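Okay, so here's the structure we're looking at.
Protein chains in written order, with the numbering used here: chain A, 16 to 133; chain B, 977 to 1089.
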């Protein structure tokens, strides 16, 4: 079962709100990722967690705050967002980090959370 | 540096006819290559992957792709299109020694009845 579950599917928030996106996988994967996808564009990497530790932050603004409470869960805390942050946020996981594996460690994506900032 | 180029932004086919989505890659190392599909308002689903085993890779839903090192290509094909194949398709290369996936710009497949 290659399933990554994301909640909520849709979120509308004001610029002063604090909200969170949640992601869960039960495949025993030890690497988890947040991607951002704008309309008609490919996904862009935001964060990588490996063994529950943040390993990559792609220069994402601090109004996005990731958290990995355990090996199955990944959160993205949102605060003081801007309208241009409206996008599809995709969570993904892989058995291990893909870096250096050379064997095509596959990343599995969730259905995404549609975020609208008003 | 690694990169991937999807040669067509849009492809239109009639139901029951073959599908060809073209992808060329650039890599200094032996690449890992993937095709993902994204249906409207959905996440990305893995269709197939190449990881230096067989050069002809079979995926889900009747799709397959052939890795051709001499042509640096990894084109996606399907013998007979179905209406449900209408979606955005991304060719992806796994960048060496980083966690970044290098995405192509995507090809939108339309299937007409």
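By construction, the Cβ of each residue, glycine as well, lies at the ideal position given by its N, Cα and C atoms.
Small disclaimer: the values here were computed from a predicted structure and weren't measured.
Beta-carbon proximity check, residue i vs residue j, cutoff 9 Å
i: residue 1000 of chain B; j: residue 1040 of chain B; result: no
i: residue 107 of chain A; j: residue 122 of chain A; result: yes
i: residue 83 of chain A; j: residue 104 of chain A; result: no
i: residue 130 of chain A; j: residue 28 of chain A; result: yes
i: residue 991 of chain B; j: residue 1088 of chain B; result: yes
i: residue 38 of chain A; j: residue 88 of chain A; result: yes
i: residue 1010 of chain B; j: residue 1032 of chain B; result: no
i: residue 111 of chain A; j: residue 44 of chain A; result: yes
i: residue 120 of chain A; j: residue 1070 of chain B; result: yes
i: residue 1038 of chain B; j: residue 56 of chain A; result: no
C-alpha gap between residue i and residue j, whole angstroms
i: residue 1080 of chain B; j: residue 53 of chain A; result: 14 Å
i: residue 996 of chain B; j: residue 30 of chain A; result: 44 Å
i: residue 1028 of chain B; j: residue 1006 of chain B; result: 7 Å
i: residue 1073 of chain B; j: residue 1004 of chain B; result: 12 Å
i: residue 67 of chain A; j: residue 993 of chain B; result: 47 Å
i: residue 76 of chain A; j: residue 48 of chain A; result: 16 Å
i: residue 1035 of chain B; j: residue 1060 of chain B; result: 16 Å
i: residue 1055 of chain B; j: residue 1026 of chain B; result: 20 Å
i: residue 21 of chain A; j: residue 109 of chain A; result: 15 Å
Beta-carbon contacts of residue i that lie in its chain and below 8 Å, excluding the five residues immediately before and after
i: residue 1086 of chain B; result: 986, 987, 988, 989 and 1062
i: residue 50 of chain A; result: 58, 59, 60, 61, 104, 105, 106, 107 and 124
i: residue 69 of chain A; result: 62, 63, 81 and 83
Expected contact under 8 Å - CB spacing of residue i and residue j to nearest Å
i: residue 1078 of chain B; j: residue 982 of chain B; result: So it is not a contact: roughly 12 Å between Cβ atoms.
i: residue 1064 of chain B; j: residue 1021 of chain B; result: Actually they do not touch by this definition, with Cβ atoms about 11 Å apart.
Cut-off 6 Å between Cβ atoms - residues of its own chain near residue i, not counting five sequence neighbours on either side
i: residue 25 of chain A; result: 129
Endpoints, the beta strand (DSSP E) within which residue i is located
i: residue 1039 of chain B; result: Taken as a continuous stretch (DSSP letters only), residue 1039 of chain B belongs to no beta strand (DSSP E), as it is neither H nor E.
i: residue 1084 of chain B; result: 1083-1088
i: residue 104 of chain A; result: 102-109
i: residue 96 of chain A; result: It is not in any beta strand (DSSP E) - residue 96 of chain A carries neither H nor E in the DSSP assignment.
i: residue 61 of chain A; result: 59-65
i: residue 1026 of chain B; result: 1020-1026
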